[in-house]
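See below for the structure under consideration.
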Amino acid sequence: MESLGIIVAFYLLSAIAVGGAIGVFLASDLIRALAFLVLSFVATAGLFLTLSGDFIAIAQILIYAGAIPVLIVFAVMLAPLAGRNNGNGLYLVPGLALGAAVAVTVAFVAVDVEWNELSGALLAERDFATTANAIGNALVGRYVLAFEIASVLLLAALIGAIVLVREDEAT
Amino acid sequence: MSSTLRQGRRRPATRVPPGLMIVGAVFALGFLAANAAIGYVVIDGRLDGQWYDIRDLGFAVQELKAQLDAINDDQPGFLDDIVGQHWMSYAVGALLGAIGILSFIGGALLVLIWVERRLIGRMQIRRGPNRVGPYGLLQPVADAVKLIQKEVLTPDGADRILFLLPPAIIFVPMMTAWGPVPWAPNMAYLDINVGVLYLIAVSSLTTLAVFLAGWSSNNHYALLGSMRTVAMMISYEIPLSIALLSVVLITGSMQLSEIVQWQADHNLWLIALLPIAMVTYFFSSTAELNRTPNDIAEAESEIVAGFHTEYSGMKFGLFYAVELGNALLVATLVATFFLGGWSLFGLEEWIPGYLILFAKLSAAYFVLVWLRGTLPRFRLDQLMRFAWQYLIPLSLFNLLIVAIEASLLARWDAPGLVTLGLFTVVNWGAAYILFRDWARRIGYQPDAGGPRRAELTQQVGGIEAAHRMGTAT
Amino acid sequence: MTVDLAHYLTVSGLLFGVGISIALAKRNAIAVLMGIELMLNAVNLSFLSFSRFSGAFAIKDNPLDGHVFVVFVLTVAAAEAAVALALSVLIYRRRETVDLDRINLLRW
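Chains as they are written, first to last, in my numbering: chain A, 291 to 461; chain B, 13 to 485; chain C, 2 to 109.
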């Protein structure tokens, strides 16, 4: 963590990630909001890289920048122009207040608490060159039950989504 | 449908200021100069007094990086404290790789435009470009000049920012996807452990750029084209990923250089072991390319030009270049995954690896051009049905077979070649049965009538027929 | 000057706060979904940063537990997005709107 590159990358990527998220809030149009969302996700993938999570970073790009925006695009395009309005609803003030409260609280806790942090050589042990192998082993070893349940969940979501939007052929 | 478009208001046309063009020209010249200088240093072997063969370009770069690291270690300057150790070798390596990839793609694009049009002309019994320069060789230059001169329009009511972005951001996946490709044993720009996943992730970014292009144009045809693209891409990404998954299962690595090394070690190209995966991968990636058998996204007889209907001038040129570059990338990846990459049964000791890879990717590219020149366009529903009813079940069957074989390979201590030979025979048998019977299962009827062979061209005419009849001028 | 756990957690908290604001304040069901995705993303970030920096957990034998958790979160996020978007399409089809302030059948 000593090198300047990581520090610059951290601040730059955090600025892009948070700025993109704020852009999602401020954008007037849903598709623009989507573009900001993808920007934020890609920047977060960069943050994952600075945490030496290469597999997670690429999976993040694959899912959050590739798959979910496409789903959102489909949902947006199935609604007409009025459905693309990114306006604020009845809960604007409470929502903003709660968001600000959560952000301030988390930031305060993060800065204030004396975290039991690794440093020096112990931290350098976590500089993984690769994580894909270890994650794969953990998934089919220690976490195999959760892995299977997650796959069943995905299957259920797939079938559920199809059943939900299926046109009723009988009528 | 009209409710989906925005009303626009008129804006004055914008022109590219001449200063920008001068800056661009200076940038291009500087790029060329840097390219030449680094090429000179590397090839001339000024590094440590030794002369490097051009075929060892990969090793020369390794040597250069080692030298730079040594210099770094000898005199750790203040930059070492700030930027980190060995920053020089990182910087030079990145620069070399970027320049190599950029100049390869730039040069290849210029040549490929000509090659492709001539080849298709040949296949369709016409001449192709033959007016500009000898044999029409300067046609790409003429095209580029024409595109640069054209006015870049922004349609009324277009979302101006989102309209500006896609030609630029669609370039990023195409360029970055070239990173993990190994050109020779030590010649890979970005040899990461999760290379295959990286390729899938990066290429899925294209979808969004295409969608934004079509949506922001404020044009029905563009919107239709982009929706078609999105639907097609999410359909074809599934068989593509599953085909690559079987490659990963057999070779036991997601690193592209390891995959090629596996093929070189076993003297066996994966096309022999995984024919179904090869065909599935090839066809799904041609579908993602938007090229003619599958170019429903820009079908000019149906929806004008699809998602880039409203793009003109150099913005259109960028889309065109990305399309060609992606085709070249697919050819390269097919050559890397299934045709052995830089390996050629021991001949890579004598022939530079990147030349072998180039030969293989040219062969794969020729097949792409061949498909484009001969097949008619699919309909949207045909293409979708082909993905969901044919390619996905087949690739799932293939994944099952390959998973069993991979676990057997991991368990058996049998001599590798015999086992692999057995698997090859089994897989080709399975491929034959699956390809044949699954097509009949989903309703393909080969004997339902219609011409079995295309004999029409020779009866009707064309250049070939004219030659045969002796009436050509 | 270093970047440590507190920095990453602060960014994560900011992302979470913006996400919660979007999820509550927006009228469009799809925008609400975007907010939820942002919140999940912030949680992923904090998982990874704990996994890297924290010495509090006995994860010496398996230092990648945070990464595995993130994989599960990604899975759940994908499933959730698919179902939620299907629901919003369905609601649009039935009620001709995705405006959450007008989808108030269950309010009283």
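Cβ coordinates follow ideal geometry from the N, Cα and C atoms, glycine included. Nothing here was measured: the structure is a model prediction, and the numbers come from that model.
Of all residues in the region 396 to 411 of chain A, those with a C-beta nearer than 9 Å to a C-beta of chain C are V396, A397, F398, V399, A400, V401, D402, V403, W405, N406, E407, L408, S409, reading in chain order. Between W354 of chain B and W227 of chain B, the C-beta gap is not smaller than 8 Å, which leaves the two residues out of contact. Not flagged as an interface residue toward chain A: I104 of chain C, since no C-beta distance is shorter than 8 Å.
Using a Cβ distance threshold of 8 Å, D203 of chain B and P185 of chain B do not count as a contacting pair. Among the residues facing chain C, T420 of chain A is not included, as its CB has no counterpart in that chain under 8 Å away. A direct Cα-to-Cα measurement between G67 of chain C and A440 of chain A gives close to 16 Å. Cβ contact annotation for T219 of chain B (same chain, cutoff 8 Å, sequence separation greater than five): T241, V242, M245, I246, in chain order.
By a beta-carbon distance limit of 8 Å, S238 of chain B does not contact F175 of chain B. Their separation comes to about 12 Å. The straight-line gap separating the alpha-carbon atoms of R432 of chain A and F364 of chain A is approximately 37 Å. Against I312 of chain A, the close residues of chain C are V19, in the order they occur along the chain (beta-carbon pairs closer than 7 Å). With respect to S13 of chain C, S47 of chain C sits close: the two C-beta atoms are nearer than 8 Å. For S55 of chain C, DSSP records a beta bridge to A:E407.
Residue-level contact check: R96 of chain C does not touch chain A, since none of the beta carbons of chain A fall below 8 Å from its beta carbon.
Residue burial is scored here from C-beta neighbours: L412 of chain B has fewer than 16 other C-beta atoms within 10 angstroms and is therefore classed as exposed. Against I23 of chain C, the close residues of chain A are V314, F315, in the order they occur along the chain (beta-carbon pairs closer than 7 Å). For S269 of chain B, the enclosing alpha helix (DSSP H) covers residues 268 to 278. The C-beta distance from L327 of chain A to V314 of chain A rounds to 5 Å, short enough to meet the 8 Å contact threshold. For the 8 Å CB-CB criterion, H320 of chain B and A225 of chain B form a contact. Contact of V44 of chain C with chain A is not assigned, every C-beta pair being separated by 8 Å or more. Flagged as an interface residue toward chain B: L352 of chain A, by a C-beta distance shorter than 8 Å. Cβ neighbours of I37 of chain C within its own chain (closer than 6 Å, five residues either side excluded): A24. Boundaries for Q457 of chain B: no alpha helix (DSSP H) harbours it, and the DSSP string shows neither H nor E there. With distances taken between CA atoms, I173 of chain B lies nearest to A:A325 out of A:T395, A:A325, A:F338. At a Cβ-Cβ threshold of 8 Å, A154 of chain B and V144 of chain B count as neighbours. The three-state secondary structure of D100 of chain C, taken from DSSP, is strand. Below 8 Å, enough C-beta pairs join the region 323 to 337 of chain B and the region 120 to 127 of chain B to call them touching: three or more. The C-beta of N302 of chain B has 16 or more other C-beta atoms within 10 Å across all chains shown, which makes the residue buried. If you check each beta-carbon in the region 328 to 345 of chain A against every beta-carbon of chain B, the ones closer than 7 Å belong to V328, D344, F345. Neighbourhood of V363 of chain A in chain B, by CB distance below 7 Å: F223, V242, in chain order.
Interface annotation, I37 of chain C: not in contact with chain A, CB-CB separation never under 8 Å. For G431 of chain A, no alpha helix (DSSP H) segment is defined, and its DSSP state is neither H nor E.
Collapsing the DSSP output to three states places N423 of chain A in a helix. Looking at the DSSP output, N375 of chain A sits in a beta bridge with A:D319.
Annotation for V399 of chain A: the continuous alpha helix (DSSP H) segment containing it runs 382 to 402.
Comparing C-alpha distances from I346 of chain A to each of C:S50, C:P64, C:V72 shows the shortest one belongs to C:V72. Residue pairing of N439 of chain B in beta bridges, as defined by DSSP: absent, with no partner found.
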